[in-house]
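Trainee: Start counting the sequence shown at 3; every next residue gets the next number (our numbering).
Provided herewith is a single structure, encoded as structure tokens, for subsequent inquiry.
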Amino acid sequence: MKYSSLKQYVDVLKKEGELVTIDTPVDPDLEMAEITRRVFEARGPALLFTRIKTCKFPALSNLFGTWDRTQTIFEPQLSQVKSLVDIKSDPGLVLKSPRTLFNSLPALFHSFPIKKRSNAKVLERSCSITDLPMIKCWPGDGGAFILLPQVFSKDPEQNSIFTSNLGMYRIQISGNEYDPGNEIGLHYQLHRGIGNHHKKAIERNQALRVSIFIGGPPAHTLAAVMPLPEGIPEIAFAGALAGQNFKYTHVDGHLVAADADFCITGIVVPGKTKKEGPFGDHLGYYSMAHEYPCLRVTGVYHRKDAIFPFTVVGRPPQEDTNFGRLIHEITKVAVKQAIPGVTAVNAVDDAGVHPLLLAKAHERYVPYEQRAPRELLTHANQILGTGQLSLAKYLFICAHEDAPKLDVNDEKAFFIHMLERVDFHRDIHFLTKTTMDTLDYSTRDINQGSKLVMAAAGEKKRHLGIGLPKDFSLPDTFCHATLVAPGMVVLNGPGFYTYPKAKIQMNQLKKYLQTRNDLSALPLFVVVDDAEFAAGSFANFLWVTFLRSNPSHDMYGVNEKTMFKHWQCDPPLIIDARIKPFHAKALTPDKKIAQKVDKMGQHGGELFGII
């Protein structure tokens, strides 16, 4: 079904019993976010808050809270868009499957933006930033944030809608040193499209005009998070996915999405930055306060029946997990065509998406020799040079031919496959002092760190153990060794203080492990602060291991050495995934707020039967 507004979809949710209206007063300071998290965990309905303290607008959350609801929002346009993306990625499909071309035509038609001369509903009313819901999600957040924004900017050198960028970057609207109602914080990462626009504006000593759309057709929200290739404007994709052309108009030189619920216009002045954050982010930790562009607000517009949509992020899975799944569905053919030879990719949600990437690819080089990763390394370099995949910190890649049916989305099975085949003398490759995800705080320096590629091809080299040796023990200060999966051990280590001290501690562990000759079936040891938690589920293991480690600093191995610049070791490989003093803090909810929400789930409460 095509939705021309957010209100239209809310009305459909009401009819289908997929919406709960909360009419009692709620506080945007932590309470609304806690309610949303709890309902999401229960796979519950969308939530419409109608009485928000200090705010006259209703707010909507958990709109994309279940996979089924996310899919139904975009059908039948979703299949049309997938056909269009597939044809662009593989033009040969036109001849192989003419039906694919026919199915893509509506999406192609709706991808052209249309300028609206008058009657843009978003311009019906105006207000102040301080009139918006001041939603704060986590106790340590630096203020209130807009969390489903569609941030629009144009290339200053071309000023064309077809070279524009529409991205989702969090917007801080209160707190810190922002002038209330007049200034807001604009957070974006180095690789984002708006970053290129801002750089060009600075070089020209020119202010950058920015428009922030909130709400509107749900498809516009998804368009803002799509990792589209350069040269394809997100607003074209927004129209195709919505099943109706993206309509826009202008006000005071700013482009405005005509069907949005809200639009904030503003100017980024060259050299104007202020502290933004902290913010409870989608990795499950706070991103810290840093200098980011400051947007001087020039206008806030809204429909007369405006609804303010928001989401809550935190340790995966959260609502944005369904965004990632949908993006994968749309782009899986495109990824294979963009990186020939790669057959499957999984940016692991449980590990925070960017810290861990699993991939399968063809290994066809020198078939007359013993099978070893060669072509795989070519594919690995391509992956790490492609769009948002370049943010991967750990890339594990295996040969498609060794297990064609291996599912990269079955993380445990994938790890078992890798650890059965990896040669620790040959198959581990480091990239040091390179660009990292802005949100990854496993290093001391923002945007900087290391990467590790582990490539595996060939026959099994070992059978993985399902238990520890009977007489297994550990050196002093290490304890509670626990198997989390075949071949994978987590154990408690002493507290981390400094890297020189850590090296001494790890050397103690290495010397002990290398005295044993019965650990070939246990090729991976991970040192943690809480082995019981890390071994509690494979999701916990992934979250702890790959979010709390920096490959170049936290990787050790028995008999490790460097030969001709190549690092190698004997198994077991050791990863130090303890919390370091410079790490960001993990997210924990406010206990009093959590208890208040508990009562809402009791008999007679607004959420009884839901949470």
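From the three backbone atoms N, C-alpha and C, an ideal C-beta is built for every residue, glycine too.
Taking 8 Å as the threshold (C-beta atoms), are Gly195 and Leu285 in contact?
Mentor: As a working mapping, residue 285 is identified with position 283 in the sequence shown. As a working mapping, residue 195 is identified with position 193 in the sequence shown. No, these two residues do not count as a Cβ contact at 8 Å.
Trainee: Using the beta-carbon count (16 or more within 10 Å), is Asp13 buried or exposed?
Mentor: Looking up residue 13 in the sequence shown gives position 11. Under this definition Asp13 is an exposed residue.
Trainee: Throw me the rounded Cβ distance for the Arg119 and His304 pair, which I believe falls under 8 Å.
Mentor: Counted from its first residue, the sequence shown places residue 119 at position 117. Counted from its first residue, the sequence shown places residue 304 at position 302. No, Arg119 and His304 are not in contact; Cβ-Cβ is about 20 Å, not under 8 Å.
Trainee: How would you call Trp140, buried or exposed, if buried means at least 16 neighbouring beta carbons within 10 angstroms?
Mentor: Looking up residue 140 in the sequence shown gives position 138. Burial call: buried.
Trainee: Whole angstroms are fine: how far does the CA of Leu149 sit from the CA of Leu50?
Mentor: Along the sequence shown, read from residue 1 onward, the residue named residue 50 stands at position 48. Along the sequence shown, read from residue 1 onward, the residue named residue 149 stands at position 147. Rounded to the nearest angstrom, the two C-alpha atoms are 16 Å apart.
Trainee: Does Arg298 come out as helix, strand or coil in the three-state DSSP assignment?
Mentor: In the sequence shown, residue 298 corresponds to position 296, counting from 1. Strand at Arg298.
Trainee: Unbroken beta strand (DSSP E) runs of length 3 or more, entirely within the stretch 176-237: which are they?
Mentor: If only uninterrupted beta strand (DSSP E) runs of at least 3 residues are considered, those enclosed by the stretch 176-237 are 185-188 and 210-216.
Trainee: Looking at the unbroken alpha helix (DSSP H) that takes in Val12, where does it start and where does it end?
Mentor: Taking the sequence shown and counting its residues from 1, the one referred to as residue 12 is at position 10. Residues Leu8 to Lys17.
Trainee: Measuring straight from C-alpha to C-alpha, what distance separates Val227 and Ala221?
Mentor: In the sequence shown, the residue the question calls residue 227 occupies position 225. In the sequence shown, the residue the question calls residue 221 occupies position 219. Going by the C-alpha atoms only, they are around 10 Å apart.
Trainee: Can you name the start and end residues of the alpha helix (DSSP H) that Tyr171 belongs to?
Mentor: By one-based count along the sequence shown, residue 171 stands at place 169. Tyr171 -> no alpha helix (DSSP H), and no H or E assigned at all.
Trainee: Are the CB atoms of Ala586 and Tyr443 nearer to each other than 8 Å?
Mentor: Taking the sequence shown and counting its residues from 1, one reaches residue 586 at position 584. Taking the sequence shown and counting its residues from 1, one reaches residue 443 at position 441. Contact: yes.
Trainee: Is the distance from the Cβ of Arg71 to the Cβ of Glu20 below 8 Å?
Mentor: Counting from 1 along the sequence shown, the entry for residue 71 is found at position 69. Counting from 1 along the sequence shown, the entry for residue 20 is found at position 18. It is a contact, given that the beta carbons lie within the stated cut-off.
Trainee: Could you tell me the alpha carbon to alpha carbon distance between Ser392 and Cys400, rounded to whole angstroms?
Mentor: For the purposes of this step, residue 392 is taken as the residue at position 390 of the sequence shown. For the purposes of this step, residue 400 is taken as the residue at position 398 of the sequence shown. Roughly 18 Å separates the two Cα atoms.
Trainee: Quick one: using the 10 Å Cβ neighbour count with 16 as the cut-off for buried, is Cys481 buried or exposed?
Mentor: Taking the first residue of the sequence shown as position 1, residue 481 is located at position 479. Answer is exposed; the Cβ neighbour count stays below 16.
Trainee: What number of angstroms, rounded off, separates the C-alpha of Leu549 from the C-alpha of Phe111?
Mentor: Counted from its first residue, the sequence shown places residue 549 at position 547. Counted from its first residue, the sequence shown places residue 111 at position 109. Going from the Cα of Leu549 to the Cα of Phe111 covers about 43 Å.
Trainee: State the DSSP-derived secondary structure class of Gly273, mapped to helix, strand or coil.
Mentor: Along the sequence shown, read from residue 1 onward, the residue named residue 273 stands at position 271. Note: Gly273 maps to strand in three-state DSSP.
Trainee: Quick check: Ala394 and His431, are their CB atoms within less than 8 Å of each other?
Mentor: Translated into positions along the sequence shown, residue 394 becomes position 392. Translated into positions along the sequence shown, residue 431 becomes position 429. No, they are not a contact pair.
Trainee: So, under 8 Å CB-CB, Leu210 and Leu224 are touching, yes? Tell me the CB distance rounded to an integer number of Å.
Mentor: Against the sequence shown, residue 210 aligns to sequence position 208. Against the sequence shown, residue 224 aligns to sequence position 222. In fact, because the Cβ distance is near 25 Å, the residues do not count as touching under 8 Å.
Trainee: How far does the beta strand (DSSP E) with Pro151 in it extend, from its first residue to its last?
Mentor: For this step, residue 151 is matched to residue 149 along the sequence shown. First-last of the beta strand (DSSP E) with Pro151: Pro151 to Ser155.
Trainee: Count the other CB atoms within 10 Å of the CB of Gly497; is the residue buried (16 or more) or exposed (fewer)?
Mentor: Within the sequence shown, numbered from 1, the residue matching residue 497 stands at position 495. Exposed: under 16 other Cβ atoms inside 10 Å.
Trainee: Would you call the CB atoms of Gln174 and Gly145 closer than 8 Å?
Mentor: For the purposes of this step, residue 174 is taken as residue 172 along the sequence shown, with counting starting at 1. For the purposes of this step, residue 145 is taken as residue 143 along the sequence shown, with counting starting at 1. Taking 8 Å as the cut-off, the Cβ atoms of Gln174 and Gly145 count as close.
Trainee: Taking Cβ positions, are Leu378 and Ala504 nearer each other than 8 Å?
Mentor: Here residue 378 refers to the residue found at position 376 when the sequence shown is read from its first residue. Here residue 504 refers to the residue found at position 502 when the sequence shown is read from its first residue. No, the pair does not count as a contact, with Cβ atoms beyond the cut-off.
Trainee: With a threshold of 16 other CB atoms inside 10 Å of the CB of Leu8, please say whether the residue is buried or exposed.
Mentor: Here residue 8 refers to the residue found at position 6 when the sequence shown is read from its first residue. Classification for Leu8: buried.
Trainee: Is there a C-beta anywhere in chain B that falls below 8 Å from the one on Ile576?
Mentor: Note that chain B does not occur in the displayed structure, where there is just one protein chain.
Trainee: Kindly give me the distance between the Cβ atoms of Asp352 and Trp69, rounded to whole angstroms, as I take these residues to be in contact under 8 Å.
Mentor: Position 350 of the sequence shown, counted from the first residue, corresponds to residue 352. Position 67 of the sequence shown, counted from the first residue, corresponds to residue 69. Contact doesn't hold; Cβ gap of about 16 Å is too wide.
Trainee: Mind checking which residues open and close the alpha helix (DSSP H) that includes Tyr514?
Mentor: Looking up residue 514 in the sequence shown gives position 512. That run of the alpha helix (DSSP H) goes Tyr501 to Leu515.
Trainee: Express the C-alpha separation of Ala122 and Ile332 in angstroms, rounding to a whole number.
Mentor: Reading the sequence shown from its first residue, position 330 is the one you call residue 332. Reading the sequence shown from its first residue, position 120 is the one you call residue 122. Distance between the alpha carbons of Ile332 and Ala122 is about 30 Å.
Trainee: In whole angstroms, what separates the C-alpha of Gln390 from that of Asp31?
Mentor: In the sequence shown, residue 390 corresponds to position 388, counting from 1. In the sequence shown, residue 31 corresponds to position 29, counting from 1. C-alpha separation (whole angstroms): 32 Å.
Trainee: Just to check my reading of the structure: Leu62 and Ile214 have Cβ atoms closer than 8 Å, yes? What is that Cβ distance to the nearest angstrom?
Mentor: By 1-based counting over the sequence shown, the position of residue 62 is 60. By 1-based counting over the sequence shown, the position of residue 214 is 212. Not a contact, Cβ separation roughly 17 Å.
Trainee: For a test of the three-state rule: what should DSSP assign to Ile613, helix, strand or coil?
Mentor: Counting from 1 along the sequence shown, the entry for residue 613 is found at position 611. In the structure shown, Ile613 sits in coil (DSSP, three-state: anything other than H, G, I, E or B).
Trainee: Taking the alpha carbon of Ala374 as the reference point, which residue from Asp283, Arg423, Leu358 and Val347 has its own alpha carbon closest?
Mentor: If you number the sequence shown from 1, residue 374 lands on position 372. Of the listed residues, the one whose Cα sits closest to Ala374 is Arg423.
Trainee: Please identify the residue among Ala523, Val271, Val124 and Gly217 whose C-alpha is closest to the C-alpha of Arg206.
Mentor: By one-based count along the sequence shown, residue 206 stands at place 204. When each option's Cα is compared against that of Arg206, the closest is Val271.
Trainee: Can you tell me which residues form a DSSP beta bridge with Pro311?
Mentor: Taking the sequence shown and counting its residues from 1, the one referred to as residue 311 is at position 309. The partner list for Pro311 (beta bridge, DSSP) reads Leu62.
Trainee: So which of Ala340, Val491, Lys4 and Cys296 has the shortest CA-CA distance to His381?
Mentor: Against the sequence shown, residue 381 aligns to sequence position 379. The candidate whose alpha carbon is nearest that of His381 is Ala340.
Trainee: What first and last residue would you give for the beta strand (DSSP E) that runs through Glu562?
Mentor: By 1-based counting over the sequence shown, the position of residue 562 is 560. That run of the beta strand (DSSP E) goes Met557 to Met565.
Trainee: Beta-carbon within less than 7 Å of Gly256's beta-carbon, same chain only, minus the 5 sequence neighbours each way: which residues are those?
Mentor: Position 254 of the sequence shown, counting from 1, holds the residue named residue 256. Residue identity check: residue 256 is His in the sequence provided, not Gly. Counting only Cβ-Cβ distances below 7 Å, and skipping sequence neighbours, we find Arg211, Ser213 and Thr267.
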